[in-house]
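Here's the structure we're looking at; comments come further down.
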């Protein structure tokens, strides 16, 4: 119970630790920490963050795509939860990156 309280405390301001940071600190899985965060949100203790994806730069979106490129499905889900993203959004950004490079190759002037 003490570890649960310590973990939940680390999710709250001023700490605002990521799921992985808390999991490493208390020695449990990120999935367990995710449940704690959901409990805090349901209690109204922690306000869920809703990132505005339109505020991210092209470079930031590309960095998300690169960081998540080698994740399996479980790792991708965890990563998306930590970052406040949906896997579908990452897939869309990946396709945009591919299309941008394809379009650049077509428009190249020799």
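Residue numbers (our numbering): 380 to 489. Built from N, CA and C at the ideal position, the CB exists for glycine as well. Quick caveat, the model's predicted, so the values are computed rather than measured.
By the 16-neighbour rule on beta-carbons within 10 angstroms, residue 390 is buried.
With fewer than 16 neighbouring CB atoms inside 10 Å of its own CB, residue 414 falls in the exposed class. Runs of alpha helix (DSSP H) with 4 or more residues, each lying fully within the stretch 394-430, are found at 398-405 and 409-422, listed in chain order. Taking C-beta atoms as the reference points, residue 404 and residue 423 fail to come closer than 9 Å.
By a beta-carbon distance limit of 8 Å, residue 419 does not contact residue 409. Their separation comes to about 15 Å. Per DSSP, reduced to three states, the secondary structure at residue 437 is helical. Apart from sequence neighbours up to five positions away, the residues of its chain that approach residue 465 with a beta-carbon distance below 8 Å are 459, ordered along the chain.
If you compare the alpha carbons of 395, 393, 412 and 457 with that of residue 382, the shortest gap goes to 412. Residue 447 has its alpha-carbon roughly 19 Å from the corresponding atom of residue 479.
By alpha-carbon distance to residue 449, the top candidate from 463, 470, 394 and 438 is 470.
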